[in-house]
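In my numbering, the protein residues as written are 24 to 379.
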Ligand SMILES: [Zn+2]
Ligand SMILES: [Zn+2]
């Protein structure tokens, strides 16, 4: 970022965000070194209340009974910042006790359906829940096109409800910010968000996000192979929420599907194994590694201990085997009190702490 750009920062809104406005596209404006320099520059100036809730920890597009598709939410001073919108994200937010009417910010890592299937529906559900303000959505192209297409798909219903139920027009409330390169994504009074390109072929661009708050730093890997750009982004972070693949179990997973050969090729070439994720966490020097986006996500023969055993070979920090609706605070995990359908025992907070 140039000095001129820095000087043009507006209160609570980065120049980049300011320039993009609604439905704008920008690309290639920042170099990676600028990004990481900016992250290091952040110095906590105030205390903040930060919560991280894993809404969906499953990987892949096939729905199952064990794990919801990918979605997480960082809540800072009661403002939710949703990362990814796999199917079921709206209901998982409700289960987590997060009001849909409070939705303000959505971040999409990449455009695989297990990360964006409920993107439009989440916006709709917020509106249906009484949301009246402004929603800012951030992510790679074609986020703008998808947003417009979603409104088009639902024109009939939305146009009926506006006069019939006295709701405000929805489309003007949504502001899309597309980007294709490394860089700061947004900044407000609670958080500074930075995106870094990751390696998830054939989906280009795919992003990881770093959230820096006054109290803590949380990085979401998105879907990726081990990749230097992610390690740079995650340097020294308190929490790294990282995707994970249990390679020894792939044969069982693939035995159930007809497109096994192609699927195996994709999975191995675009994800991170449970061994390698420990190397990434070690190299980045993070304090806590949270495993998510489990592949396979519903194979009972892959136990929590088996998931944790991989990263433990290389990483000495705290390892948390993520579960849906698990809440993690900077000082450690605790079970969401609002989860009505799974007992604390089932959520496994005690067994998770064992690995700390
Ligand atoms: Zn995925
Ligand atoms: Zn993906």
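The C-beta atom is built at its ideal place from N, Cα and C for all residues, glycine as well.
Practice task
Measuring alpha carbon to alpha carbon, tell me which of 297, 319, 256, 265 ends up nearest residue 287.
Solution key: 319
Exercise for the section: With a floor of 4 residues, list each alpha helix (DSSP H) that falls wholly inside the segment 152-236, ordered by position along the chain. Expected result: 166-176, 178-188
Problem - Any non-hydrogen atom of ligand 2 within 8 Å of residue 113 CB - result: no
Problem - Selection from 198, 268, 141, 302 that minimises the alpha carbon distance to residue 106 - result: 141
Exercise for the section: Along the beta strand (DSSP E) that carries residue 350, what are the first and last residues, could you check? Expected result: 349-352
Exercise for the section: On the DSSP bridge assignment, give the partners of residue 104 in chain order. Expected result: 97, 128
Handout entry: Through-space distance from residue 306 to residue 257, alpha-carbon basis
Key = 9 Å
Problem - Closest Cα partner of residue 250 within the set 259, 220, 233, 268 - result: 220
Practice task
Using only the heavy atoms of ligand 2, determine whether one of them is closer than 8 Å to the beta carbon of residue 135.
Solution key: yes
Practice task
Compare the beta carbon distance of residue 139 and residue 109 with 9 Å and say whether it is the shorter of the two.
Solution key: yes
Exercise for the section: Run the CB neighbour count on residue 438, radius 10 Å, all protein chains shown included, and call it buried at 16 or more, exposed below. Expected result: Absent from the model: residue 438. The displayed extent of the chain is 24 to 379, so no value can be given.
Exercise for the section: Compute every distance between the C-beta of residue 293 and the non-hydrogen atoms of ligand 2, then say whether any falls below 8 Å. Expected result: yes
Handout entry: beta-carbon residue 93 near ligand 1 non-hydrogen atom, thresh 8 Å
Key = yes
Exercise for the section: Determine the burial state of residue 309: buried for a count of at least 16 other Cβ atoms within 10 Å of its Cβ, exposed for fewer. Expected result: buried
Handout entry: Sub-9 Å separation of residue 117 and residue 98 beta-carbons
Key = no
Practice task
Compare the beta carbon distance of residue 161 and residue 209 with 9 Å and say whether it is the shorter of the two.
Solution key: yes
Practice task
Provide the residue span of the beta strand (DSSP E) that contains residue 312, from first to last.
Solution key: 311-318
Exercise for the section: Would you grab the beta carbon distance between residue 158 and residue 129 for me? Rounded to a whole angstrom, and I think it's under 8 Å. Expected result: 7 Å
Practice task
Report back the beta-carbon spacing between residue 86 and residue 96 to the nearest angstrom; my notes put them in contact at under 8 Å.
Solution key: The Cβ separation is near 20 Å, so there is no contact.
Practice task
For residue 226, I'd like the list of residues in its chain whose CB is within less than 7 Å of its CB, leaving aside the five on either flank, ordered along the chain.
Solution key: 133, 134, 135
Problem - residue 51 burial status per 10 Å Cβ neighbour count (16 or more: buried) - result: Low local confidence applies: a pLDDT of 32 at residue 51 is under 50, so the model's placement there is unreliable, and no value is given.
Practice task
Enumerate in chain order the residues of its own chain whose CB-to-CB distance from residue 88 is below 7 Å, with the five nearest sequence positions on each side excluded.
Solution key: 321
Exercise for the section: Please state whether DSSP places residue 89 in a helix, a strand or coil. Expected result: coil
Exercise for the section: Indicate the three-state DSSP secondary structure (helix, strand or coil) for residue 114 in the structure shown. Expected result: helix
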